[in-house]
Amino acid sequence: TQETDSASIDPPSPKSALDYILIDTPGQIEAFTWSASGTIVTSALATTFPTVLAFVVDTPRCAASVHTFMSNMLYACSMLYRAKLPMVIVLNKTE
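The sequence shown maps to residues 1 to 95 in the numbering used here.
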């Protein structure tokens with residue numbers, strides 16, 4: 001195996017700059033949203049880049065139970081309250 005020296009890697013050129021970066025956080029909302037490290041990560045991103053939260057809802061589970069749907073909406077509200085960032089609620093695709 002050959003190791004790459006990180007100092008020799010060139011930074012990306014402006015032509016290859018990304019328009020969007022999607023960061024998937026740990027699946028447990030409580031572990032990320034309400035922890036100190038989650039707050040540090042979201043604050044660091046929000047002060048450096050335009051940041052929007054995307055809350056993905058499992059549509060088949062929500063369609064089966066109004067209680068599950070309401071629980072997901074309450075989780076989304078808690079994230080919105082805690083992060084104080086714009087948020088989009090995404091309903092995943094069903095087959």
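Cβ coordinates follow ideal geometry from the N, Cα and C atoms, glycine included. Computed from a prediction, not measured in an experiment: that's the story for all the values here.
- In the three-state DSSP reduction, V90 falls in the strand class (E or B).
- By the neighbour-count definition (other C-beta atoms within 10 Å, threshold 16), T25 is an exposed residue.
- Here DSSP, grouped into helix, strand and coil, assigns A17 to coil.
- In the three-state scheme derived from DSSP, where H, G and I count as helix and E and B as strand, L85 is classed as coil.
- About 5 Å separates the beta carbons of L91 and V57, which is inside the 8 Å limit, making them a contact pair.
- If you draw a straight line from the Cα of V88 to the Cα of L74, it is about 14 Å long.
- Between S78 and T33, the C-beta spacing is below 8 Å.
- Taking C-beta atoms as the reference points, A31 and F55 fail to come closer than 8 Å.
- DSSP places L53 in the strand class (E or B) of the three-state scheme.
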